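Structure, as structure tokens:
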Amino acid sequence: MSESTSAPEWWRTAVIYQVYPRSFADASGDGIGDLKGVTAHLDHLASLGVDAVWLSPFYRSPQNDAGYDVSDYCDVDPLFGTLADFDEMLTTAHGLGLRVIVDIVPNHSSSEHRWFQDALAAGPGSEERGHYIFREGRGVDGELPPNNWDSVFGGPAWTRVTEADGTLGQWYLHLFDTTQPDFDWTNPWVADRFDEVLRFWMDRGVDGFRIDVANGLAKEDGLPDLPAELVGKGGDVIADVHPYWSRDESHPIWRRWRKVTDEYDDRALVGEAWVQPLARMAHWVRPDELHQTFNFGYLLTPWTAHDQRAVIDESLAAFGGVGAPSTWVLSNHDTVRHTTRLALKEQIPHGTGVGPLSPDRPDEAFGLHRGRAATLLMLALPGSAYMYQGEELGLPEAIDIPDDTREDPTWFRTGPEVYGRDGCRVPLPWEASKPAYGFSPTGASWLPQPPTWALYAADAQAGVAGSTLEMYRDALRLRSEHELGAGRLEWELSPAESLQFVVGGIRVVTNLGDDPLPLPHGEVLISSAPVDGSLPKDTTAWLRAE
Ligand code: NOJ
4 MSESTSAPEW WRTAVIYQVY PRSFADASGD GIGDLKGVTA HLDHLASLGV DAVWLSPFYR
64 SPQNDAGYDV SDYCDVDPLF GTLADFDEML TTAHGLGLRV IVDIVPNHSS SEHRWFQDAL
124 AAGPGSEERG HYIFREGRGV DGELPPNNWD SVFGGPAWTR VTEADGTLGQ WYLHLFDTTQ
184 PDFDWTNPWV ADRFDEVLRF WMDRGVDGFR IDVANGLAKE DGLPDLPAEL VGKGGDVIAD
244 VHPYWSRDES HPIWRRWRKV TDEYDDRALV GEAWVQPLAR MAHWVRPDEL HQTFNFGYLL
304 TPWTAHDQRA VIDESLAAFG GVGAPSTWVL SNHDTVRHTT RLALKEQIPH GTGVGPLSPD
364 RPDEAFGLHR GRAATLLMLA LPGSAYMYQG EELGLPEAID IPDDTREDPT WFRTGPEVYG
424 RDGCRVPLPW EASKPAYGFS PTGASWLPQP PTWALYAADA QAGVAGSTLE MYRDALRLRS
484 EHELGAGRLE WELSPAESLQ FVVGGIRVVT NLGDDPLPLP HGEVLISSAP VDGSLPKDTT
544 AWLRAE
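Next comes the structure, spelled out in structure tokens:
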């Protein structure tokens, strides 16, 4: 373990790189990335300079939601390899000084999980049904769902089962796909099972967990209807009180998980929690709860000086107020890549995607230029930063994916209305001149890669001054040398539509306006675009402040 990653509370300042295993690197040649592929490319991550890796699910799963539908929490899906492959990956990562965080999916399992199959077989009123949320339907014959909740992926959040005797029976809740039944977290049996899962992976040596749908586990007693104004809003709801998002009954769960992780050295819990406002999200990272939550408020913030400054201040105040680090994130496997998203004329709800018929199709070069400026701004901020695989290559969202190759359940549940998330999940280009750009030895790729992606391949950028890959490497090196993650941000006066602050002896300036601005004095350490006495629009520069 390197000095920075072996430091106590390493997560406070860490840069954590998200590996989406099915799209990172495929060693077997079947067109789907795997754990051996991850192991083979860990040196890329070490040389990039990140501190930790977070892996999206690689557990046994029928893959109806790309692995977020888990059918065995303690085994690796054969698609991705074996537990031995996992151990090898973990040992190699640790040997390179990289911490490893794994995903845990506690809101729901796969409908193929033995626990759900047992619940179906055991019938209404059984102990097994009590592990999930089964209810009688409404209407004369129970033909209507128990309430009006809808699934984040579109359509109702309830599915009716056929009982063992062939009659239509109870309904079960699934906030996501029909194949992702929600657990009943008021049942202590469920909490006990997840303690075991946490311990299983920590005993194997993982350094922490990214908690899927952390804001959904607790549901309101009695499962009341959603108020009319919230119906059809899917996962984008921001409401103080909501029957299933961000409920205060979640806190005892996190306190319990914190106790379990505290039995081990220095493990971290990061929650995927779409909680707003940030002052409320801060409750989730109080000293005896989660270590961190993703700062989605930051990810969703429009590219204006006013909005960016406001969200940075709000984040530092909210998280700092409870002694937690702020986190920062611009891209992940559920959102349009920031090189494309920040160049859209209109903001779109997360999870929606951009496709061939979308009215707003940003210029790729413009998006990359602005995306790089946003990255350099983010990597200067104190706290912990999350990166998504491929952003170090400047990858844009893949827009022209043929409909018949799409795999996101959102696409299947909403028809052609919502493209979903496939566009940010296209396999990475490693080598410009190889089949599938080196993603897989056979040239297979579970989603087609755009023909322009040779330009973005890692080997086409390595060692090339000014490339996005080298910009990330330099920025991460400077961030570490100047300990920016632990720094204190001090704003300075700057022209309208720009931001300027000093942190860790570095002056950071970002031009978010339409015209070039004069560049402050000082040695330029790095910039997102060439600067020559002036700071072009959509550009960030770091200058020596001493
Ligand atoms: C959030 C995950 O990031 C997303 O990919 C998944 O579809 C849902 N949770 C459901 O597990």
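Following this note's numbering, the numbering of the sequence shown begins with 4 at its first residue and continues without gaps. Glycine residues also receive a C-beta, built at the ideal position from the N, C-alpha and C atoms. Computed from a predicted structure; not experimentally measured.
Excluding the five sequence neighbours on either side, which residues of its own chain have a C-beta within less than 7 Å of the C-beta of Thr42, listed in chain order?
-> So the qualifying residues of the chain are Glu91, Met92 and Thr95.
Return the chain-ordered list of same chain residues with a C-beta closer than 7 Å to the C-beta of Ile402, the five sequence neighbours on each side being excluded.
-> Correct list, in chain order: Val357, Gly358, Pro359, Arg364 and Gly426.
Simplified DSSP state of Ile529, which is helix, strand or coil = In this structure, Ile529 counts as strand in the three-state DSSP scheme.
Tell me, to the nearest whole angstrom, how far the beta carbon of Leu492 is from that of Val506; I am working on the premise that it is less than 8 Å.
-> Rounded to whole angstroms, the Cβ separation of Leu492 and Val506 is 5 Å, and the two are in contact under 8 Å.
Taking the Cβ atom as the reference point for each residue, do Asp411 and Arg424 lie within a distance shorter than 9 Å?
-> In this structure, Arg424 lies closer than 9 Å to Asp411 by Cβ.
Can you name the residues that DSSP bridges to Asp546?
-> The question names Asp, but residue 546 is Leu in the sequence shown. Answer is Arg510 and Val527.
Contact set for Gly32: own chain, Cβ-Cβ below 8 Å, skip 5 residues either direction | Only Ser443, Pro444, Thr445 and Ala447 meet the Cβ criterion.
Roughly how many whole angstroms lie between the Cα atoms of Asp153 and Ala160?
-> Rounded to the nearest angstrom, the two C-alpha atoms are 4 Å apart.
DSSP state of Val143, grouped into three classes?
-> Coil at Val143, not helix or strand.
May I ask you to list the residues that DSSP assigns as paired with Phe137?
-> According to DSSP, which records beta bridges pairwise, Phe137 is partnered with Tyr175.
Using the beta-carbon count (16 or more within 10 Å), is Ser9 buried or exposed?
-> It counts as exposed.
Please confirm whether any heavy atom of ligand 1 lies closer than 8 Å to the CB of Asp185.
-> No.
Apart from the five residues just before and just after Leu178, which ones in its own chain have a Cβ nearer than 8 Å to its Cβ?
-> The residues Asn110, His111, Trp152, Ser154, Val155, Ala160, Asp185, Val216, Gly219 and Tyr247, in chain order, have a CB closer than 8 Å to that of Leu178 in the same chain once the five nearest residues on each side in sequence are set aside.
Tell me, which residues are paired with Ile107 by DSSP?
-> Bridge partners of Ile107: Ile214.
First and last residue of the uninterrupted alpha helix (DSSP H) at Arg373 | Residues Glu367 to Leu382.
Helix, strand or coil for Ser387, going by three-state DSSP, please let me know.
-> In the displayed model, Ser387 falls within a strand according to three-state DSSP.
In whole angstroms, what is the alpha-carbon distance linking Ile19 and Asp180?
-> Roughly 28 Å separates the two Cα atoms.
Look at the Cβ atom of Tyr301, then the Cβ atom of Leu272, and state whether they are nearer than 9 Å.
-> No, the Cβ-Cβ distance between Tyr301 and Leu272 is not below 9 Å.
For Leu396 versus Tyr459, is the C-beta spacing smaller than 9 Å?
-> Closer than 9 Å, so yes.
Can you find a heavy atom of ligand 1 that lies under 8 Å from the Cβ of Ala69?
-> Indeed, a heavy atom of ligand 1 lies less than 8 Å from the Cβ.
In whole angstroms, what separates the C-alpha of Glu6 from that of Arg63?
-> The predicted position of Glu6 is uncertain, since its pLDDT is 49 and thus under 50; no value can be drawn from it.
Environment of Ala346 [buried if 16+ CB atoms lie within 10 Å] = Looking at its Cβ environment, which holds 16 or more other Cβ atoms inside 10 Å, Ala346 is buried.
Validate contact between the region 142 to 151 and the region 112 to 125 using beta carbons, cut 8 Å, 3 pairs = In short, these stretches do not touch, since the Cβ pair count stays below three.
Those residues which DSSP pairs with Tyr62 across a bridge = Assignment of beta-bridge partners to Tyr62 by DSSP yields Val79.
Of all the options Ala544, Ser26, Asp518 and Thr264, which has the alpha carbon lying nearest to the alpha carbon of His524?
-> If we check each option's Cα against that of His524, Ala544 comes out closest.
Expressed to the nearest angstrom, what Euclidean distance is found between the alpha-carbon atoms of Arg476 and Arg375?
-> Straight-line measurement puts the Cα of Arg375 at about 13 Å from the Cα of Arg476.
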